[in-house]
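Protein chains in written order, with this note's numbering: chain A, 434 to 649; chain U, 208 to 404; chain D, 65 to 276. We treat Cβ as the ideally placed atom computed from N, Cα and C, and that holds for glycine. Each remark here refers to the structure printed beneath this line.
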């Protein structure tokens with residue numbers, strides 16, 4: 434585990450493989466909550482928080498409950514009673530999608546309850562965004578990328594989740610800034626609303642493509 | 208008669224992508240080629256139809272407070288079925304759609320139809336609604352996939368179209384091209400809808 | 065409290081039904097999926113080392129995992145080795161398997177997994193004209209470790225237009241693994257020759273007891 438490697442993961446998730454602009458994850462909130470800078474900051478914070486937490490928790494679920502490996506906890510428990518069991522008997526990797534989405538949904542619910550109890554002012558500003566997050570595909574996307582596509586370690590997964598959230602927030606705030614100005618612009622009627630937002634997103638994505646020249 | 212209406216509304220009047228702006232992430236991500244678009248469309252339609260039917264069947268057995276987690280469980284089950292079946296019988300397609308197969312779970316079209324339609328209507332209507340929405344979604348994927356594949360790689364269904372010396376507009380298959388083409392497509396459909404009225 | 069418990073119970077029943085039905089589907093598809101993966105793996109192995117008939121996993125204690133290819137069941141002298149390497153591409157970890165000849169040159173490479181940008185990075189597996197193999201992969205055939213550099217880095221592997229990161233990731237990951245392999249095996253090469261000849265003797269002496 435070295436810091437340099439983590440830095441690379443972070444920078445690539447924020448700039449090069451930006452979740453919204455390059456991986457197309459989390460577009461619904463990106464277009465839905467980007468009309469005002471204030472609300473986009475709130476949404477961004479909520480997403481960073483949930484993405485980091487979800488990365489850590491889903492990684493643990495996958496490695497310790499679903500994969501047929503010796504450290505699988507279900508296998509460990511059964512092994513205490515019957516020593517002839519093998520890890521392969523507890524291969525639940527196919528349940529990964531359903532397990533992840535349920536974990537994320539309950540996590541969001543839990544976070545909402547905890548914030549409400551602990552810090553009412555924070556709840557005031559983040560609260561309304563939290564229920565929307567369950568169906569934000571960036572969350573399930575980061576869980577899938579961490580465990581199945583790239584297979585990061587625990588620390589790497591958490592860093593990846595956190596920086597994916599940062600990347601999402603940067604894109605969201607930039608977009609909100611542009612759209613506030615766009616309100617006053619003279620847009621052809623057919624392009625009003627969503628279409629022009631997509632064109633702007635395309636231009637931003639083009640700009641972010643420039644980061645792909647970064648090499649390490 | 209009304210069933211035909213339920214079916215066609217998903218294709219034009221309430222097209223999930225163009226009018227309701229749902230399910231955008233997979234639309235942009237997988238529409239780089241026609242084959243990917245068709246594969247994704249069929250997978251999503253299957254999940255949409257099955258989950259709509261099951262949800263309209265169990266709608267009276269679901270307590271209101273926990274209906275969303277239960278809907279998501281139903282959807283995730285069908286998504287996993289699609290994922291396993293695709294890996295077993297169409298490994299190449301499963302490889303190229305990658306992470307976007309499991310992400311059908313959070314495709315807002317499916318949860319949106321479950322919550323907004325199937326939990327209030329009968330099985331037959333929900334089936335037709337799911338089918339219509341699925342076809343509407345697939346149609347958009349195929350249109351976008353065709354435009355982006357022809358312009359971006361100069362091929363159609365993988366066959367070269369313009370000969371050796373054609374330099375394709377790479378931008379179209381890169382992420383910005385996805386954003387541009389969906390923006391233009393929605394603008395065109397706005398224009399068309401207005402003309403029709 | 066009782067109400068929440070009831071809701072929890074109902075939710076559990078639903079997930080249980082879902083889990084059981086998926087378990088059943090998994091039982092049906094699992095052998096099929098494993099079969100597909102096995103076929104894919106064997107096809108890739110044959111592709112990079114067609115001379116070999118038998119592949120044996122390396123059992124020495126070294127840090128590298130590789131396959132040893134033999135041209136006959138006798139398993140006397142290897143015709144080549146197969147290694148797997150991962151490179152950090154533009155948008156994915158690129159998995160490449162490649163064969164190594166007995167004089168530590170690359171035999172052939174095959175990119176088995178990549179999720180690079182369509183039209184740019186994915187052209188690393190593009191086939192041109194009637195060629196049996198992707199043009200990018202073919203450039204790697206029979207290169208020594210020091211020649212495994214793309215043109216942007218002063219080497220002479222033609223990189224893919226617009227996808228230097230992908231090209232470099234593949235070349236560098238192969239080079240790195242090959243160097244590592246050369247160091248591990250090169251150091252013990254003298255021993256291994258000795259061992260193989262001893263093994264051969266023992267096979268000749270106790271030939272009847274040999275399981276295969």
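What does residue i reach in chain A if we use C-beta pairs closer than 9 Å?
| i | result |
| --- | --- |
| residue 86 of chain D | 527, 528, 531 |
| residue 255 of chain U | Result: empty, since nearest Cβ-Cβ is about 15 Å, beyond 9 Å. |
Give the single residue among the options whose Cα lies nearest to the Cα of residue i.
| i | options | result |
| --- | --- | --- |
| residue 224 of chain D | D/133, D/185, D/206, D/100 | D/185 |
| residue 275 of chain U | U/244, U/312, U/384 | U/312 |
| residue 70 of chain D | U/332, U/288, U/273, U/307 | U/273 |
| residue 246 of chain D | D/203, D/129, D/109, D/196 | D/129 |
| residue 382 of chain U | U/232, U/346, U/225 | U/232 |
| residue 518 of chain A | A/637, A/589, A/503, A/455 | A/503 |
| residue 493 of chain A | A/515, A/532, A/599 | A/532 |
| residue 319 of chain U | A/565, A/543, A/541, A/505 | A/565 |
| residue 588 of chain A | A/539, A/577, A/541, A/488 | A/488 |
| residue 249 of chain U | U/292, U/372, U/378, U/328 | U/292 |
| residue 442 of chain A | A/590, A/581, A/627 | A/590 |
| residue 226 of chain D | A/556, A/645, A/613 | A/645 |
| residue 627 of chain A | U/384, U/391, U/260, U/379 | U/391 |
| residue 258 of chain U | U/210, U/226, U/356, U/314 | U/314 |
| residue 600 of chain A | A/616, A/473, A/436 | A/473 |
| residue 652 of chain A | A/641, A/596, A/580, A/621 | A query on residue 652 of chain A cannot be resolved here, the shown segment of chain A reaching from 434 to 649 and no further. |
| residue 461 of chain A | U/230, U/325, U/239 | U/230 |
| residue 464 of chain A | A/604, A/621, A/618, A/622 | A/604 |
| residue 218 of chain U | U/264, U/254, U/348, U/294 | U/348 |
| residue 282 of chain U | D/78, D/202, D/213, D/65 | D/78 |
| residue 398 of chain U | U/256, U/226, U/328, U/375 | U/226 |
| residue 207 of chain D | D/85, D/216, D/105, D/166 | D/166 |
| residue 244 of chain D | D/229, D/215, D/210, D/116 | D/210 |
Quick check on the DSSP output: the alpha helix (DSSP H) that includes residue i runs from which residue to which?
| i | result |
| --- | --- |
| residue 576 of chain A | 570-577 |
| residue 336 of chain U | 330-360 |
| residue 170 of chain D | Where residue 170 of chain D is concerned, there is no enclosing alpha helix (DSSP H), although the beta strand (DSSP E) it sits in stretches over 170-177. |
| residue 75 of chain D | 66-112 |
| residue 401 of chain U | 382-403 |
| residue 471 of chain A | 470-494 |
| residue 606 of chain A | 587-615 |
| residue 271 of chain U | Premise fails: residue 271 of chain U is in no alpha helix (DSSP H) and is neither H nor E. |
| residue 193 of chain D | Element bounds for residue 193 of chain D: n/a, residue is neither H nor E. |
| residue 521 of chain A | Segment: none, residue 521 of chain A is in no alpha helix (DSSP H) and carries neither H nor E. |
| residue 544 of chain A | 529-551 |
| residue 426 of chain A | No answer is possible for residue 426 of chain A: the residues shown for chain A start at 434 and end at 649. |
What does residue i touch in chain A if you count any residue whose Cβ is under 8 Å from its own?
| i | result |
| --- | --- |
| residue 90 of chain D | 527 |
| residue 82 of chain D | 531 |
Which residues in chain D sit within 9 Å of residue i, going by Cβ to Cβ distance?
| i | result |
| --- | --- |
| residue 583 of chain A | 156, 157 |
| residue 323 of chain U | Going along chain D, no residue has its Cβ under 9 Å from residue 323 of chain U, so there is no contact; the nearest lies around 20 Å. |
| residue 540 of chain A | Residues of chain D passing the Cβ test: none, with the nearest at roughly 15 Å. |
| residue 458 of chain A | The contacting residues do not exist; residue 458 of chain A stays about 12 Å from chain D at best. |
| residue 295 of chain U | 92, 93, 94, 95, 96, 97, 99, 100 |
Name the two residues that bound the continuous beta strand (DSSP E) containing residue i.
| i | result |
| --- | --- |
| residue 145 of chain D | 142-152 |
| residue 121 of chain D | 118-121 |
| residue 163 of chain D | 157-164 |
| residue 508 of chain A | From DSSP, residue 508 of chain A is part of no beta strand (DSSP E) but of the alpha helix (DSSP H) over 506-514. |
| residue 132 of chain D | 131-134 |
Which chain D residues sit within Cβ distance under 8 Å of residue i?
| i | result |
| --- | --- |
| residue 287 of chain U | 86, 89 |
| residue 535 of chain A | 79 |
| residue 305 of chain U | 179 |
| residue 645 of chain A | 154, 229 |
| residue 383 of chain U | What residue 383 of chain U touches in chain D: nothing, since even the nearest Cβ is about 11 Å away. |
Please compile the residues from chain U whose C-beta is within a distance smaller than 9 Å of the C-beta of residue i.
| i | result |
| --- | --- |
| residue 443 of chain A | Per Cβ cutoff of 9 Å: no residues; residue 443 of chain A is ~20 Å from chain U at best. |
| residue 74 of chain D | 268, 269, 270, 273, 277 |
Give the residues of chain A in contact with residue i, contact being defined as C-beta atoms less than 7 Å apart.
| i | result |
| --- | --- |
| residue 284 of chain U | 531 |
Output, in chain order, the set of chain D residues within a Cβ distance shorter than 7 Å of residue i.
| i | result |
| --- | --- |
| residue 309 of chain U | Per Cβ cutoff of 7 Å: no residues; residue 309 of chain U is ~13 Å from chain D at best. |
Run down chain U in chain order and give the residues with a C-beta less than 7 Å from the C-beta of residue i.
| i | result |
| --- | --- |
| residue 568 of chain A | 313, 315, 318 |
Below 8 Å on C-beta distance, what does residue i contact in chain U?
| i | result |
| --- | --- |
| residue 610 of chain A | The contacting residues do not exist; residue 610 of chain A stays about 17 Å from chain U at best. |
Counting only Cβ-Cβ distances shorter than 9 Å, please list the residues of the stretch 483-502 of chain A near chain D, keeping chain order. none
For the stretch 361-373 of chain U, list every residue whose C-beta sits within 7 Å of some C-beta in chain A, in sequence order. none
Where in the stretch 216-258 of chain U do unbroken runs of the alpha helix (DSSP H), each at least 4 residues long, occur, reported from the N-terminal end onward? 231-237
Cβ-based contacts, 7 Å cut-off: residues of the stretch 262-279 of chain U near chain D: 270, 272, 273, 276, 277
Short-range partners of chain U found in the stretch 130-156 of chain D, where Cβ spacing is below 7 Å: none
Which ranges does the alpha helix (DSSP H) cover as unbroken runs of at least 4 residues, wholly within the stretch 296-329 of chain U, from first to last along the chain? 298-304, 315-320
Scan the stretch 225-241 of chain D for residues whose Cβ lies nearer than 9 Å to a Cβ of chain A and list them as they occur along the chain. 228, 229, 232
Mind listing which residues of the stretch 620-637 of chain A have their C-beta closer than 9 Å to chain U's C-betas, in chain order? 621, 622, 623, 624, 625, 626, 627, 628, 629, 630, 631, 632, 633, 634, 635, 636, 637
Got a sec: which bits of the stretch 217-240 of chain U sit with their beta carbon under 7 Å from any beta carbon on chain A, in order along the chain? 228, 231, 232, 235, 236
For the stretch 454-479 of chain A, which residues have a CB atom closer than 8 Å to at least one CB atom of chain U, in sequence order? 454, 455, 456, 457, 458, 459, 460, 461, 464
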